[in-house]
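There are 2 protein chains.
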Amino acid sequence: MVTLIDGKTTAETIKAELTAEISSFTERKPGLAVIIVGDDPASHYYVNSKQKACTTVGINSFKSELAHDITKAELIEVIQSYNNDDKVDGILLQLPLPASLSADTQEIIDAISATKDVDGLTTTNLGKLLSKSKDAIEPCTPKGCMELLKRYQIEIQGKKAIVIGRSTLVGKPIALLLNNANATVVMAHSKTKNLDKEIKNADIVIAAIGKAEFIKGSLIKEGAVVIDVGINAIEVDGKRKLVGDIEFAEAQNQAEFITPVPGGVGPMTVAMLLKNTLELYQKRKSLAAR
Amino acid sequence: MVTLIDGKTTAETIKAELTAEISSFTERKPGLAVIIVGDDPASHYYVNSKQKACTTVGINSFKSELAHDITKAELIEVIQSYNNDDKVDGILLQLPLPASLSADTQEIIDAISATKDVDGLTTTNLGKLLSKSKDAIEPCTPKGCMELLKRYQIEIQGKKAIVIGRSTLVGKPIALLLNNANATVVMAHSKTKNLDKEIKNADIVIAAIGKAEFIKGSLIKEGAVVIDVGINAIEVDGKRKLVGDIEFAEAQNQAEFITPVPGGVGPMTVAMLLKNTLELYQKRKSLAAR
Chain A
1 MVTLIDGKTT
11 AETIKAELTA
21 EISSFTERKP
31 GLAVIIVGDD
41 PASHYYVNSK
51 QKACTTVGIN
61 SFKSELAHDI
71 TKAELIEVIQ
81 SYNNDDKVDG
91 ILLQLPLPAS
101 LSADTQEIID
111 AISATKDVDG
121 LTTTNLGKLL
131 SKSKDAIEPC
141 TPKGCMELLK
151 RYQIEIQGKK
161 AIVIGRSTLV
171 GKPIALLLNN
181 ANATVVMAHS
191 KTKNLDKEIK
201 NADIVIAAIG
211 KAEFIKGSLI
221 KEGAVVIDVG
231 INAIEVDGKR
241 KLVGDIEFAE
251 AQNQAEFITP
261 VPGGVGPMTV
271 AMLLKNTLEL
281 YQKRKSLAAR
Chain B
291 MVTLIDGKTT
301 AETIKAELTA
311 EISSFTERKP
321 GLAVIIVGDD
331 PASHYYVNSK
341 QKACTTVGIN
351 SFKSELAHDI
361 TKAELIEVIQ
371 SYNNDDKVDG
381 ILLQLPLPAS
391 LSADTQEIID
401 AISATKDVDG
411 LTTTNLGKLL
421 SKSKDAIEPC
431 TPKGCMELLK
441 RYQIEIQGKK
451 AIVIGRSTLV
461 GKPIALLLNN
471 ANATVVMAHS
481 KTKNLDKEIK
491 NADIVIAAIG
501 KAEFIKGSLI
511 KEGAVVIDVG
521 INAIEVDGKR
531 KLVGDIEFAE
541 AQNQAEFITP
551 VPGGVGPMTV
561 AMLLKNTLEL
571 YQKRKSLAAR
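Right under this line is the structure:
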């Protein structure tokens, strides 16, 4: 019998935990600044859900909506003013940036102060992830995947895991986190030969490629754990539908645990954003108390 | 027929290339500062070979030999004075540090200016490696492995590679570089189950664990490429002998290409140190010219 990994309920549980913790803060509340550039509807939708989630748990949120043709220098100035703003514990730059800025994405992210890097995507923090520093902030989506495995008490040590997709934002950090948790990780990608065989051999399959139902569900090994990071919009009978990178209908017949799309990793990304905001808040507080 | 990957000769070729290039510099020559703490004979031997190699190619080298009980603060002060020294383009902290400092290794490495990080081991540089930044300095031993594959025209794209060992200094950076070169990489380690099977499936085997002949040569797939990073001293009939992490005698019957130990990766590490020093020199020069 397959167990559905319910990211939505898990995220609600985490939010309840955070709410309880934050409600006990008598002084200032944690603060998250969100920066969004341009008018991509999906990005605005995500940013709004993130702000709404902040409100729910008692985190103040601040938003800068910037014109799509803002210059790099202007954008970095906005980031820096949040760096210097004591009300702000975490700074989130909503990605992707518009085409005119996208080549400079990493440089712009690196303008975020290491102490406010809520998404864990600055170069310094990625380095900390690689060197397994205790000080590292785990990027939200990878952390959300790990938290799901943890809350469903899925053993990782010694397991063979495959991560399909090698982006700096998702694939590579997940591979490192799984490696740190003592899985044997295969990093697969578009140039991988025999991808089918690699998937068939994996106890844990993590898909982060962004291609609708790209991975055949029949490839999943019986009893495997499937975490689908992809959220892709397709049309079925003229209606818009969200699907993952893996054929869910088939995969659920093979897997022991599987995340649905939507309602799997997606809500966890937001929950981990809140959790990271709280972590940064507490770090700043303990630094200030020294 | 197996081809021996001759790291010694390849390193000599690279040194000749560097010598030719550096001899054309009419102003100042590149400079490398080497810092060694304590009196470990092997470390002193390595540092001396590195300085000798510098002299050969026309790089100035400076050495600080520090007492084993130096404090972290004092050591960082030495690093900082090299950071501020215009004659110095690269700073190498010989590892491992003595036991009293080893827990702070990464923090001490991070005192090296990013512009002089010749070993590519600062947190910032490791992050750049992960985000595939063009600006990254590739750590010397991983870069040496990649250079051997390149100079022997061994195709990497689409190949299945296994990296055994996941240290921050060697294993993880090699895995990232192979991934960047479009191999499908398995990151294996002491908690890996079925390691034998994983090795048997690999087209490229990279061993970086530091255990004498830990990997049975018979596990190597026929026609595979074997890169042995390990250098371990053992005793045979009362005589000291250096061996790798892989049983060479057996492995050479299976492999298409194989590195010997010694004379494989070892000399390449030094050659890449020289190459990185030159790269940093040229970067500083072009920055100064702006």
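Residue numbers (this note's numbering), protein chains in the order written: chain A, 1 to 290; chain B, 291 to 580. A virtual CB, placed ideally from N, CA and C, is assigned to each residue, including glycine. Values in this document were obtained by computation on a predicted structure and should not be read as measured data.
In the structure shown, residue 521/B adopts coil according to DSSP, grouped into three states. Cβ atoms of residue 43/A and residue 54/A stay farther apart than 8 Å, at about 17 Å. Shown in chain order are the members of the segment 177 to 192 of chain A whose Cβ falls below 7 Å from a Cβ of chain B: 179, 182, 184, 185, 186, 187, 188, 191, 192. Taking each of 254/A, 143/A, 109/A, 237/A in turn and checking the Cα distance to residue 2/A, the smallest one comes out for 254/A.
The residue from 500/B, 383/B, 562/B, 525/B with its alpha-carbon nearest to that of residue 534/B is 500/B.
When 8 Å is used as the limit between beta carbons, residue 294/B is near no residue of chain A, the shortest such separation being about 27 Å.
Listed by position along chain B, the residues whose Cβ is nearer than 9 Å to that of residue 26/A form an empty set, because the closest Cβ is around 34 Å away. The segment 77 to 94 of chain A makes contact with the segment 29 to 40 of chain A; the number of CB pairs closer than 8 Å reaches 3 or more.
Within the model, the alpha-carbon separation for residue 97/A versus residue 121/A is close to 14 Å. When beta bridges are read from the DSSP output, residue 478/B appears opposite 454/B.
Setting aside the 5 residues that flank it on each side, residue 414/B is surrounded in the same chain by 404, each with a C-beta closer than 7 Å to its C-beta; the list follows chain order.
In the same chain as residue 203/A, and ignoring 5 residues on each side of it, the C-beta atoms closer than 6 Å to its own belong to 159, 160, 224, in chain order.
Of all alpha-carbon atoms in 274/A, 261/A, 270/A, 110/A, the one lying nearest the alpha-carbon of residue 45/A is that of 270/A. In the structure shown, residue 95/A falls within a coil segment according to DSSP collapsed to helix, strand and coil. Judged by DSSP secondary structure, residue 397/B falls within the alpha helix (DSSP H) whose first and last residues are 395 to 399.
Chain B has no Cβ within less than 8 Å of the Cβ of residue 290/A. Close to chain A, meaning a Cβ-Cβ distance shorter than 9 Å, are the following residues of the segment 408 to 422 of chain B: 411, 412, 413, 414, 415, 416, 417, 418, 419, 420, 421, 422. Apart from sequence neighbours up to five positions away, the residues of its chain that approach residue 22/A with a beta-carbon distance below 8 Å are 29, 30, 57, 58, 59, 278, ordered along the chain. Between the beta-carbon of residue 430/B and that of residue 409/B there is about 6 Å, and that keeps the pair under the 8 Å contact cut.
Contact of residue 488/B with chain A by beta-carbon distance below 8 Å involves 184. Between the segment 456 to 474 of chain B and the segment 174 to 190 of chain A, the count of Cβ pairs shorter than 8 Å is three or higher; the stretches touch. For residue 440/B, the closest Cβ of chain A is not nearer than 8 Å. Contact check between the segment 419 to 428 of chain B and the segment 364 to 378 of chain B: fewer than three CB pairs, one atom from each, fall below 8 Å, which does not count as touching. In terms of beta-carbon proximity, residue 458/B lines the interface with chain A, with at least one pair separated by less than 8 Å.
Residues of the same chain with a CB within less than 7 Å of the CB of residue 200/A, apart from the 5 flanking positions on each side, are 219, 221 in chain order.
When C-beta distances to chain B are compared with 8 Å, every residue of the segment 237 to 248 of chain A stays at or above that value.
The beta carbons of residue 4/A and residue 267/A sit about 13 Å from each other, so the pair does not count as a contact at 8 Å. Take residue 256/A, set aside five residues on each side of it, and the residues of its chain with a beta-carbon closer than 7 Å to its own are 2, 3, 223, 224, 225, in chain order. With its beta carbon at least 8 Å from every one in chain A, residue 424/B lies outside the interface.
In this structure, DSSP gives residue 355/B an extended state, which the three-state scheme calls strand.
Bounds of the alpha helix (DSSP H) holding residue 312/B are 297 to 313. Chain-ordered, the chain B residues with CB closer than 7 Å to the CB of residue 172/A read 420. Residue-level contact by beta carbon fails for residue 165/A and chain B, as no gap is shorter than 8 Å. Residue 353/B is positioned such that its CB atom lies no closer than 8 Å to that of residue 564/B.
Measuring C-alpha to C-alpha distances from residue 227/A to each of 281/A, 251/A, 13/A, 78/A identifies 251/A as the nearest. DSSP, reduced to helix, strand and coil, places residue 144/A within a helical segment of the structure shown.
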